[in-house]
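**Student:**
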Ligand code: ATP
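Residue numbers (this note's numbering): 182 to 734.
1) Just curious, the alpha helix (DSSP H) that residue 727 is in, first and last residue?
2) With DSSP collapsed to three states, give me the class of residue 361.
3) Which residues in the same chain have their Cβ closer than 8 Å to the Cβ of residue 427, if we skip the five residues on either side of it in sequence?
4) Roughly how many angstroms separate the alpha carbons of residue 353 and residue 311, rounded to a whole number?
5) Could you round the C-beta distance between residue 202 and residue 276 to whole angstroms and report it? I think they count as a contact, below 8 Å.
6) The beta strand (DSSP E) that contains residue 709, what's its start and end?
7) Over the uninterrupted alpha helix (DSSP H) stretch that includes residue 219, give me the two end residues.
8) Keeping to the same chain, check which residues put their C-beta closer than 7 Å to that of residue 717; ignore five residues upstream and five downstream.
9) If you count every other CB in all the chains shown that lies within 10 Å of the CB of residue 341, and 16 or more means buried, which is it?
10) Would the beta-carbon of residue 245 fall within 7 Å of that of residue 266?
11) Looking at the structure shown, is residue 550 part of a helix, part of a strand, or coil, going by DSSP?
12) Along the chain, where does the beta strand (DSSP E) containing residue 204 start, and where does it finish?
13) Are there 16 or more other CB atoms within 10 angstroms of the CB of residue 634, so buried, or fewer, so exposed?
14) Beta carbon of residue 387: closer than 6 Å to some heavy atom of the ligand ATP?
15) Tell me which same chain residues have a C-beta within less than 8 Å of the C-beta of residue 687, skipping the five on either side of it?
16) According to DSSP, simplified to helix, strand and coil, what is residue 268?
17) Should residue 444 be labelled buried (16 or more other beta-carbon atoms within 10 Å of its own) or exposed?
18) Check whether the Cβ atoms of residue 162 and residue 381 sit closer than 7 Å, and answer yes or no.
19) What is the DSSP secondary structure of residue 543, reduced to helix, strand or coil?
20) Along the beta strand (DSSP E) that carries residue 381, what are the first and last residues, could you check?
21) In chain order, what residues of the same chain lie with their CB nearer than 8 Å to the CB of residue 514, ignoring the 5 residues before and after it?
22) With 16 as the cutoff for other CB atoms within 10 Å, does residue 476 come out buried or exposed?
23) Following a CB-centred definition, is residue 583 positioned closer than 6 Å to any heavy atom of the ligand ATP?
24) So does residue 809 have its beta carbon nearer than 6 Å to some heavy atom of the ligand ATP?
25) Could you say if the segment 330–340 and the segment 470–488 meet the contact criterion of at least three C-beta pairs nearer than 8 Å?
26) What residue range is occupied by the uninterrupted alpha helix (DSSP H) comprising residue 646?
27) Any heavy atom of the ligand ATP closer than 6 Å to the Cβ of residue 382?
28) Could you pull the start and end residues of the beta strand (DSSP E) that residue 456 belongs to?
29) Considering just the uninterrupted stretch of the beta strand (DSSP E) at residue 399, what are its terminal residues?
30) If contact is defined by three or more beta carbon pairs under 8 Å, each pair taking one atom from either stretch, is the segment 573–587 in contact with the segment 524–534?
31) Which residue marks the beginning of the alpha helix (DSSP H) containing residue 235, and which one marks its end?
32) Going by DSSP, what residues sit across from residue 581 in a beta bridge?
33) Say the cut is 6 Å; is the CB of residue 494 nearer than that to a heavy atom of the ligand ATP?
34) Following a CB-centred definition, is residue 205 positioned closer than 6 Å to any heavy atom of the ligand ATP?
35) Starting from residue 275, follow its DSSP beta bridges and name the residues at the other end.
36) Tell me whether the beta-carbon of residue 560 lies closer than 7 Å to the beta-carbon of residue 637.
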């Protein structure tokens, strides 16, 4: 296990083996390493790294007595295509996917002896049950998709998040279809059947069908070069879909259900996705997953928080290592931004933000952003604040949930650093506005505590804050406290006070537009806030005084 990856690569090159069994000093099997991990290590200049860092830990193993049928199930149902044969935890040999395919091929003419059929039936029943949990509209669309696929002689699968969520018993309306065959042609036929619009992307052989109710269906094409020739054993998956699924981020996202009538409901679970969903684990597909695509670090935390799952032990270790190696620096600012926004748009952003804070990711993305690590131990103050705001100003502009959480986290850091962070990751103007306004927070906080101030004085201190920063103030103040009451007075009443008149009234009065217009309207608003004026005529009188004092003569 201490051998460098490059040396392991040398052994593979010399012997032509597809993988190696890794042992500890006492010859106990501790992992396997395959050509895949080694190639990746070399690509990422990690040839010097010891094998133990990137080997597959606790690999599936078999014994010398394991039957071909059992091995086939292990290879089909689990993640591994390279199985050490062990006795007393010492290596005795290996069985590879190729060995199994060869053996199956030899027994292909004796189907009565084939194993795995019962497992297939079970997976079909399970998959069919899952499909019946869908709302009738989705179910109907999938049945039609299966018919269209049948009529074209292509294979059609429901894939990704929707299958995961069906196993979890969660709702999800995003239909993702994967086609082995002409995906674009299929999308056209399905769009025609459903009377939807189609947007195609021929370069990636994907298409989006937009339905009349605004819902959409994504269609992708599986890679063709790996298709298994017709007449191959039904137990052996066409590699088209396997090749697609193996590229996904986590095992829980690798499930697929076939929709063709011949195999309606057949669940494809090559990588132990159902088992991981049942025990609640986020598990990467291979040890270089986070190195290949470090956005998966943020995705892993997001899924873990969303479902209340744990990171599987080795996945957690790989994630920590990827972070400490600075892998997030390799991701484009846009992808980091999109992942942060996706986290903020989750149902419960607080849980995800706590995970992100715990792992120190904000500080890694930008050293100046260092919210305290203890967020995880604190109840979500933002959701209570948002609820309270909805109640206090019904019907008025409410801050977006995502922006409110962002503002809260950012309010814990230095405003200057937040601005640098927002620029670095190309956040849009709404977020830039929040970053800009953070420096007003101390004065605003102070104003909530002041005993003596006029309504207009309070409003002037709170007016510069975009609404997400008002949520921050609400989140910082205890429900029922004096500060909360003052904030409620501003949000529910003062913030809505506006002059009845505007610049067009001044033009009608014969004034030339200029900076004095704004000054006049501000003065009118102040007078109105403090109850000094109430009618339109009084507003015009106050404005006139200002405009005249600024007029050229
Ligand atoms: P949800 O939409 O509920 O957040 P999802 O699983 O549908 O979950 P998407 O982000 O829409 O998530 O991705 C669709 C599929 O594409 C996922 O199931 C995942 O397997 C795959 N995927 C997305 N991003 C990556 C990535 N960075 N690396 C590998 N696979 C990915």
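We treat Cβ as the ideally placed atom computed from N, Cα and C, and that holds for glycine.
**Tutor:** The relevant details are as follows:
1) Position 546 of the chain shown holds residue 727. Where residue 727 is concerned, the enclosing alpha helix (DSSP H) starts and stops at 717–731.
2) Mapped onto the chain shown, residue 361 falls at position 180. Residue 361: strand per DSSP, three-state reduction.
3) Working through the chain shown from its first residue, we reach residue 427 at position 246. Hits under 8 Å: 435, 451, 452, 466.
4) Looking up residue 353 in the chain shown gives position 172. Looking up residue 311 in the chain shown gives position 130. Between the alpha carbons of residue 353 and residue 311 lies a distance of about 12 Å.
5) Along the chain shown, read from residue 1 onward, the residue named residue 202 stands at position 21. Along the chain shown, read from residue 1 onward, the residue named residue 276 stands at position 95. So it is not a contact: roughly 11 Å between Cβ atoms.
6) Your numbering for residue 709 matches position 528 in the chain shown. From DSSP, residue 709 is part of no beta strand (DSSP E) but of the alpha helix (DSSP H) over 696–710.
7) The residue given as residue 219 occupies position 38 in the chain shown. Counting along the chain, the alpha helix (DSSP H) containing residue 219 begins and ends at 216–224.
8) In the chain shown, the residue the question calls residue 717 occupies position 536. Once the five neighbours on either side are set aside, the close Cβ partners of residue 717 are 681, 682.
9) Residue numbering aside, residue 341 sits at position 160 when the chain shown is read from its first letter. Its Cβ being crowded by 16 or more others within 10 Å, residue 341 is buried.
10) As a first step, residue 245 must be located in the chain shown, where it is residue number 64. As a first step, residue 266 must be located in the chain shown, where it is residue number 85. Contact check for residue 245 against residue 266 passes: the beta carbons are separated by less than 7 Å.
11) Reading the chain shown from its first residue, position 369 is the one you call residue 550. Taken through DSSP and simplified to helix, strand or coil, residue 550 comes out as coil.
12) The residue you call residue 204 lines up with position 23 of the chain shown. Where residue 204 is concerned, the enclosing beta strand (DSSP E) starts and stops at 200–204.
13) As a first step, residue 634 is located in the chain shown; it is residue number 453 there, counting from the start. When all chains shown are included, residue 634 counts as exposed.
14) For the purposes of this step, residue 387 is taken as residue 206 along the chain shown, with counting starting at 1. Every heavy atom of the ligand ATP is 6 Å or more from the Cβ of residue 387, so no.
15) The sequence position of residue 687 within the chain shown is 506, counting from 1. By the criterion of a C-beta distance shorter than 8 Å, residue 687 is surrounded in its chain by 694, 698, 701, 724, 728, once the five residues flanking it on both sides are discounted.
16) Indexing the chain shown from 1 puts residue 268 at position 87. DSSP places residue 268 in strand when its eight states are reduced to three.
17) Sequence index remark: in the chain shown, residue 444 carries index 263 (1-based). With 16 or more Cβ atoms within 10 Å of its Cβ, residue 444 is classed as buried.
18) Shown here, the chain extends from 182 to 734; a query on residue 162 therefore has no answer.
19) Along the chain shown, one-based indexing puts residue 543 at 362. Under the three-state reduction of DSSP, residue 543 is assigned to helix.
20) Taking the chain shown and counting its residues from 1, one reaches residue 381 at position 200. Residue 381 -> beta strand (DSSP E) spans 378–382.
21) For the purposes of this step, residue 514 is taken as the residue at position 333 of the chain shown. Non-local C-beta neighbours of residue 514 in its own chain, meaning closer than 8 Å and more than five positions away in sequence, comprise 605, 606, 607, ordered along the chain.
22) As a first step, residue 476 must be located in the chain shown, where it is residue number 295. So residue 476 counts as buried.
23) Numbered from 1 along the chain shown, position 402 holds the residue referred to as residue 583. False, no ligand heavy atom lies under 6 Å from that Cβ.
24) Nothing about residue 809 can be read from this structure; the chain reaches only from 182 to 734.
25) Contact fails: fewer than three Cβ-Cβ distances are below 8 Å.
26) Counted from its first residue, the chain shown places residue 646 at position 465. Element bounds for residue 646: n/a, residue is neither H nor E.
27) As a first step, residue 382 is located in the chain shown; it is residue number 201 there, counting from the start. Annotation for residue 382 indicates a beta carbon at 6 Å or more from all heavy atoms of the ligand ATP.
28) The residue you call residue 456 lines up with position 275 of the chain shown. Note, residue 456: premise wrong, no beta strand (DSSP E); alpha helix (DSSP H) at 454–460.
29) The sequence position of residue 399 within the chain shown is 218, counting from 1. Residues 397–402.
30) These segments touch.
31) Against the chain shown, residue 235 aligns to sequence position 54. Membership of residue 235 in the alpha helix (DSSP H) is indicated by the continuous run 232–235.
32) Counting from one through the chain shown, the residue named residue 581 turns up at place 400. Paired residues: none, contrary to the question.
33) Locating residue 494 in the chain shown gives position 313, counting from the first residue. Not under cutoff, so the answer is no.
34) Numbered from its first residue, the chain shown carries residue 205 at position 24. In this structure, the ligand ATP has no non-hydrogen atom nearer than 6 Å to the beta-carbon of residue 205.
35) Within the chain shown, numbered from 1, the residue matching residue 275 stands at position 94. Bridge partners of residue 275: 265.
36) What you label residue 560 is simply residue 379 of the chain shown in a count that begins at 1. What you label residue 637 is simply residue 456 of the chain shown in a count that begins at 1. Their beta carbons are not under 7 Å apart, which means residue 560 does not touch residue 637 by this criterion.
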